[in-house]
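Here's the structure we're looking at; comments come further down.
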Amino acid sequence: MAALALLGDMLVRATPLILAGLAVAVAFKGGVLNIGAEGQLLIGACTSTAVSLKFGSTLGPLTIIVALIIGMLAGALWAAIAAELRNRFHVLEVISTIMLNFVALYLISFLVRGPLQEPTRIYPQTSTIAPFTQLPVILEGTRLHIGFILAIAAGLIAWWVVRNTVAGFRLRLTGANPRAARIAGMVNVERTTRNVFLISGALAGLAGAIEVHGVTFALYENISPGYGYTAIAVALLAGLNPAWVIASGILFGALEAGASALQRDAGVPSTLVWVVEAAVILTVLGTESYRSRRSRQFVAPEFAAAQGSS
Amino acid sequence: MIEAIAPFLEGTVRTATPLAFAALGETIAERSGVINIGLEGSLICGALGGLVAAGYGSTWTGFVVAGISGAAIALVFAVFVTTLRSNQIITGTAITLLALGLTGTLYRQMYGSTGAALQISTMQPLSIPMLSSIPLIGQALFAQPPVTYVLYFLIPLAWWWLYRTHSGLALRAVGENPEAAIAAGVPAARFQFVAILFGGFMGGIAGGVLVIAQVGTFAEGMSAGRGFIAIAIVVLGRWHPIGVAVAALVFGAASALQYLFQSMGWGLPYQLFLALPYLLTLLALAGVAGRVRAPASLGKWELD
Numbered sequence: 030m031a032a033l034a035l036l037g038d039m040l041v042r043a044t045p046l047i048l049a050g051l052a053v054a055v056a057f058k059g060g061v062l063n064i065g066a067e068g069q070l071l072i073g074a075c076t077s078t079a080v081s082l083k084f085g086s087t088l089g090p091l092t093i094i095v096a097l098i099i100g101m102l103a104g105a106l107w108a109a110i111a112a113e114l115r116n117r118f119h120v121l122e123v124i125s126t127i128m129l130n131f132v133a134l135y136l137i138s139f140l141v142r143g144p145l146q147e148p149t150r151i152y153p154q155t156s157t158i159a160p161f162t163q164l165p166v167i168l169e170g171t172r173l174h175i176g177f178i179l180a181i182a183a184g185l186i187a188w189w190v191v192r193n194t195v196a197g198f199r200l201r202l203t204g205a206n207p208r209a210a211r212i213a214g215m216v217n218v219e220r221t222t223r224n225v226f227l228i229s230g231a232l233a234g235l236a237g238a239i240e241v242h243g244v245t246f247a248l249y250e251n252i253s254p255g256y257g258y259t260a261i262a263v264a265l266l267a268g269l270n271p272a273w274v275i276a277s278g279i280l281f282g283a284l285e286a287g288a289s290a291l292q293r294d295a296g297v298p299s300t301l302v303w304v305v306e307a308a309v310i311l312t313v314l315g316t317e318s319y320r321s322r323r324s325r326q327f328v329a330p331e332f333a334a335a336q337g338s339s
Numbered sequence: 144m145i146e147a148i149a150p151f152l153e154g155t156v157r158t159a160t161p162l163a164f165a166a167l168g169e170t171i172a173e174r175s176g177v178i179n180i181g182l183e184g185s186l187i188c189g190a191l192g193g194l195v196a197a198g199y200g201s202t203w204t205g206f207v208v209a210g211i212s213g214a215a216i217a218l219v220f221a222v223f224v225t226t227l228r229s230n231q232i233i234t235g236t237a238i239t240l241l242a243l244g245l246t247g248t249l250y251r252q253m254y255g256s257t258g259a260a261l262q263i264s265t266m267q268p269l270s271i272p273m274l275s276s277i278p279l280i281g282q283a284l285f286a287q288p289p290v291t292y293v294l295y296f297l298i299p300l301a302w303w304w305l306y307r308t309h310s311g312l313a314l315r316a317v318g319e320n321p322e323a324a325i326a327a328g329v330p331a332a333r334f335q336f337v338a339i340l341f342g343g344f345m346g347g348i349a350g351g352v353l354v355i356a357q358v359g360t361f362a363e364g365m366s367a368g369r370g371f372i373a374i375a376i377v378v379l380g381r382w383h384p385i386g387v388a389v390a391a392l393v394f395g396a397a398s399a400l401q402y403l404f405q406s407m408g409w410g411l412p413y414q415l416f417l418a419l420p421y422l423l424t425l426l427a428l429a430g431v432a433g434r435v436r437a438p439a440s441l442g443k444w445e446l447d
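From first to last, the protein sequence lines are chains A and B.
All you need for our numbering is the position in the first sequence, starting with 1, plus 29.
All you need for our numbering is the position in the second sequence, starting with 1, plus 143.
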């Protein structure tokens, strides 16, 4: 039974990682370096919580669907800020999304001590959302909820869209070479970029909404232990392929669930996971560099020679 | 109101000091064509290294070790970026993650996650005679911890080196057009390597300033995005040491605004002030980023 619970924990942990990992993978593939999945996730979490708390009684059984949709929209809107800053003002999205992560964090800090705080006003968190607004458990004896299935579905849909549709082709073209895409006249690069931001933000926002409605059932400050940052490792390990994100998300979910267990049982600091994640990213980068170096050894010999002799 | 001005100006310079150290180092790195998002990692490594060294040695040992810690983590970045030609943004993100994980793990191993934290006595302000008695700005500029005064020499020195020496010119050439620089006999990759290490060293000192001159202890993630803000400051300062110093002061002022507002007794939520530096970064970048010209090869030299 304990083994089943642990398996459940791993998949529960994998759920936000898959969704946020998809957000990063789609963004990077489309040439958008969205480091802001963390903030978009937090915004998705707080808006969806607000919906369930404030409108749960009016919406009834529809609440959960509305909450998840609002969470997605809010995440997309949060990402749209970075999109506009990049398209209109040439602000590097790496910086703007990281700044927005901090703003989102302080926004939640304000909300759980202000408008959304639980009625006794003692704890910095919201009330628990009503049971009928919670995502149903799909595996008896575990905490595994239906959000996991949604995450896998999202991964498969993203994989199919990127691979087989015109929109997916535009995304890949823009990501591979925006100048060529623009010159060839096939792609409106600005619009594609904005759409990539929106989709990426929506996926991250969904991750946050699902985390609240499937796992925590309330909003508080440390609701995400850095899912949005781990998502970068998840996406890169998957080679930015949405289908592989599902697998690498589960792998990292297992790693993090294991790390929590290790911290509890053996006192190994859970921050060690970040070191492992960084090592994964660096290994992927190193391998890629080695591969492309081998494949282009014959290219531009005068450039290589100049570098070698310097 | 008037009595709040002095702490506001003092707070401006105090907040600006670590930002200016980090941004000055990043300026040199970016002038060589490398954008180091891992600067945040250098800050947090410098904070921990500086704390431990200052706890066992002298204050100045603390700063040197802080710098070396920052350079050590930047070394990993430098290897990936200058020899493997990996994507600078993704490598930098990994370095920040690595540094946050390493420092968190080491700190918990050394002092436990809940146990008593290592406390050091912070570097005391040193008033410079005459200068510190200038009305209004004297106290703010010349009654600071001595490490701040190092900046007053470093900023003009960095300007002089960049614009008045052959090696400074070579560095800028690498940042504009590495191929041309290589053709002219400049060891481009080596320049970038050293520039990254220097940026990491300065980032480490910035972390050291936080711990040794301001807080007196370490907390996980205490760099709190200052490395990223420093990168924004480089853009606002137009990649010029003097401009960067001014931009750092503007940021310090924005953060120190809370002292002014608090004294006015407005009932605004405190989180708004905490979020202010980040919001300001966004606004300032929106106003400036499109109108300034970055080093032409910034972030671009990689294998694909």
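By construction, the Cβ of each residue, glycine as well, lies at the ideal position given by its N, Cα and C atoms.
On a predicted model such as this, the values are computed, not experimentally measured, just so you know.
(message) Does the region 307-323 of chain B come into contact with the region 166-178 of chain B, if we say contact requires no fewer than three beta-carbon pairs (one atom in each stretch) closer than 8 Å?
(response) Yes: the two stretches touch, three or more of their Cβ pairs being nearer than 8 Å.
(request) Using the Cα positions of B:Thr424 and A:Ile110, report the straight-line distance between them to the nearest angstrom. (result) The sequence position of residue 424 of chain B within the second sequence is 281, counting from 1. The sequence position of residue 110 of chain A within the first sequence is 81, counting from 1. B:Thr424 and A:Ile110 have their C-alpha atoms some 13 Å from each other.
(request) Sort out for me which residues DSSP pairs B:Ala286 with in a bridge. (result) Translated into positions along the second sequence, residue 286 of chain B becomes position 143. According to DSSP, B:Ala286 bridges with B:Ser270.
(request) For the alpha helix (DSSP H) holding A:Gln69, just list the boundary residues, first then last. (result) Your numbering for residue 69 of chain A matches position 40 in the first sequence. Note, A:Gln69: alpha helix (DSSP H), Ala66 to Leu88.
(message) Does any residue of chain B have a CB that is nearer than 8 Å to the CB of A:Ile212?
(response) Residue 212 of chain A sits at position 183 when you count from the first residue of the first sequence. It does not: the Cβ of A:Ile212 has no partner Cβ on chain B nearer than 8 Å.
(request) Excluding the 5 residues preceding and the 5 following A:Leu266 in the sequence, name in chain order all residues of the same chain whose CB lies nearer than 7 Å to its CB. (result) Numbered from its first residue, the first sequence carries residue 266 of chain A at position 237. Excluding positions up to five away in sequence, the list reads Ser277, Val309 and Val313.
(message) Considering only their Cβ atoms, is the gap separating A:Val61 from B:Ile106 smaller than 8 Å?
(response) The structure shown does not extend to residue 106 of chain B, since chain B is modelled only from 144 through 447, so no value can be given for it.
(request) Look at A:Asn130 and A:Arg223 and say whether their C-beta atoms are less than 8 Å apart. (result) What you label residue 130 of chain A is simply residue 101 of the first sequence in a count that begins at 1. What you label residue 223 of chain A is simply residue 194 of the first sequence in a count that begins at 1. Remark: C-beta atoms of A:Asn130 and A:Arg223 do not approach each other more closely than 8 Å.
(request) For chain A, find out if any of its Cβ atoms is closer than 8 Å to the Cβ of B:Asp447; answer yes or no. (result) In the second sequence, the residue the question calls residue 447 of chain B occupies position 304. Residue placement at B:Asp447 is flagged as unreliable, the pLDDT there being 45, under the threshold of 50; a coordinate-derived value is accordingly withheld.
(request) Could you pull out every residue in the same chain whose Cβ sits closer than 8 Å to the Cβ of B:Lys443, ignoring the five residues on either side in sequence? (result) Position 300 of the second sequence, counted from the first residue, corresponds to residue 443 of chain B. Closer than 8 Å at Cβ, skipping near neighbours: Gly176.
(request) Could you check what DSSP says for A:His174 in three-state terms: helix, strand or coil? (result) As a first step, residue 174 of chain A is located in the first sequence; it is residue number 145 there, counting from the start. In this structure, A:His174 counts as strand in the three-state DSSP scheme.
(request) Say whether chain B places a C-beta atom closer than 8 Å to the C-beta of A:Pro298. (result) One-based indexing of the first sequence puts residue 298 of chain A at position 269. Yes - at least one Cβ of chain B is within 8 Å of the one on A:Pro298.
(message) Let's see if you can read the secondary structure: which residues bound the alpha helix (DSSP H) around B:Phe341?
(response) Numbered from 1 along the second sequence, position 198 holds the residue referred to as residue 341 of chain B. It spans Ala331 to Gly351 - the alpha helix (DSSP H) in which B:Phe341 sits, taken as one unbroken run.
(message) Less than 8 Å between CB atoms is the rule here; does A:Pro330 satisfy it with respect to chain B?
(response) Here residue 330 of chain A refers to the residue found at position 301 when the first sequence is read from its first residue. Since pLDDT at A:Pro330 reaches only 41, below the 50 mark, its modelled position is unreliable, and the value read off the structure follows with that caveat. Not an interface residue.
(request) Just the chain B side, please: which residues come within less than 9 Å of A:Gly278 by C-beta, in chain order? (result) If you number the first sequence from 1, residue 278 of chain A lands on position 249. Within chain B, no C-beta atom comes less than 9 Å from the C-beta of A:Gly278; the nearest is roughly 17 Å away.
(request) Identify, in the order they occur along the chain, each residue of the same chain with its Cβ nearer than 8 Å to the Cβ of A:Leu227, setting aside the five sequence neighbours on each side. (result) Taking the first sequence and counting its residues from 1, the one referred to as residue 227 of chain A is at position 198. For A:Leu227, same chain residues with a beta-carbon under 8 Å away, outside a window of 5 residues either side, are Ala105, Ala108, Ala109 and Ala112 in chain order.
(message) For chain B, check one thing: does any of its Cβ atoms lie closer than 8 Å to the Cβ of A:Ile72?
(response) As a position in the first sequence, residue 72 of chain A is number 43, starting the count at 1. Cβ-Cβ to chain B under 8 Å: no for A:Ile72.
(request) Using a Cβ cut-off of 8 Å, pull out every chain B residue sitting near A:Ile340, in sequence order please. (result) Beyond the ends of chain A as shown, which are 30 and 339, falls residue 340 of chain A; an answer cannot be given.
(request) Output, in chain order, the set of chain B residues within a Cβ distance shorter than 9 Å of A:Glu306. (result) As a first step, residue 306 of chain A is located in the first sequence; it is residue number 277 there, counting from the start. What A:Glu306 touches in chain B: Ala237, Leu240, Leu241 and Gly244.
(message) Can you tell me whether A:Ile146 is helix, strand or coil according to DSSP?
(response) As a first step, residue 146 of chain A is located in the first sequence; it is residue number 117 there, counting from the start. The amino acid at residue 146 of chain A is misidentified as Ile; the sequence shows Gln. Residue state, collapsed to three classes: coil.
(message) Against chain A, with Cβ distances strictly below 8 Å, would B:Asn179 count as a contact?
(response) For the purposes of this step, residue 179 of chain B is taken as the residue at position 36 of the second sequence. Cβ-Cβ to chain A under 8 Å: no for B:Asn179.
(request) Have a look at A:Gln69, A:Leu40, A:Leu46 and A:Ala231 and flag the residue whose alpha-carbon is nearest the alpha-carbon of A:Val263. (result) Start at 1 with the first residue of the first sequence, and residue 263 of chain A comes out as number 234. Here the closest residue by C-alpha is A:Leu46.
(request) Measure the CB-CB distance between A:Ala96 and A:Val120 and report whether it falls below 8 Å. (result) For this step, residue 96 of chain A is matched to residue 67 along the first sequence. For this step, residue 120 of chain A is matched to residue 91 along the first sequence. The answer is no: Cβ separation not under 8 Å.
(request) Measure the Cβ-Cβ separation of A:Val190 and A:Lys58 and say whether it is below 8 Å. (result) Numbered from its first residue, the first sequence carries residue 190 of chain A at position 161. Numbered from its first residue, the first sequence carries residue 58 of chain A at position 29. No, the Cβ-Cβ distance between A:Val190 and A:Lys58 is not below 8 Å.
(request) Could you work out which residues of chain B lie near A:Leu145, taking near to mean beta carbons separated by less than 9 Å? (result) For the purposes of this step, residue 145 of chain A is taken as residue 116 along the first sequence, with counting starting at 1. Result: empty, since nearest Cβ-Cβ is about 13 Å, beyond 9 Å.
(message) Within the continuous alpha helix (DSSP H) that includes A:Asn116, where are the two ends?
(response) Translated into the one-based positions of the first sequence, residue 116 of chain A becomes position 87. It spans Thr92 to Phe118 - the alpha helix (DSSP H) in which A:Asn116 sits, taken as one unbroken run.
(message) Looking only at its chain, what residues have a beta carbon closer than 6 Å to the beta carbon of B:Ala391, apart from the 5 residues adjacent to it on each side?
(response) Here the question's residue 391 of chain B lines up with position 248 in the second sequence. Excluding positions up to five away in sequence, the list reads Ala159, Leu162, Ala163, Ala166 and Ile376.
(message) Counting C-beta neighbours from all protein chains within 10 Å, is the total for A:Ser253 16 or more, i.e. buried, or is it exposed?
(response) Looking up residue 253 of chain A in the first sequence gives position 224. Residue burial annotation: A:Ser253 is buried, with at least 16 other C-beta atoms found within 10 angstroms of its C-beta.
(request) Put B:Gln357 into one of helix, strand or coil per three-state DSSP. (result) Within the second sequence, the letter at position 214 stands for residue 357 of chain B. Three-state DSSP puts B:Gln357 in a helix.
(request) Assign B:Ala196 to one of two classes, buried (16 or more other C-beta atoms within 10 Å of its C-beta) or exposed (fewer than that). (result) In the second sequence, the residue the question calls residue 196 of chain B occupies position 53. Classification of B:Ala196: buried, given that the 10 Å Cβ count is 16 or more.
(request) Rounded to whole angstroms, what's the CA-CA distance from A:Leu114 to A:Ile212? Just pull it up for me. (result) Counting from one through the first sequence, the residue named residue 114 of chain A turns up at place 85. Counting from one through the first sequence, the residue named residue 212 of chain A turns up at place 183. Answer to the nearest angstrom: the Cα atoms are 23 Å apart.
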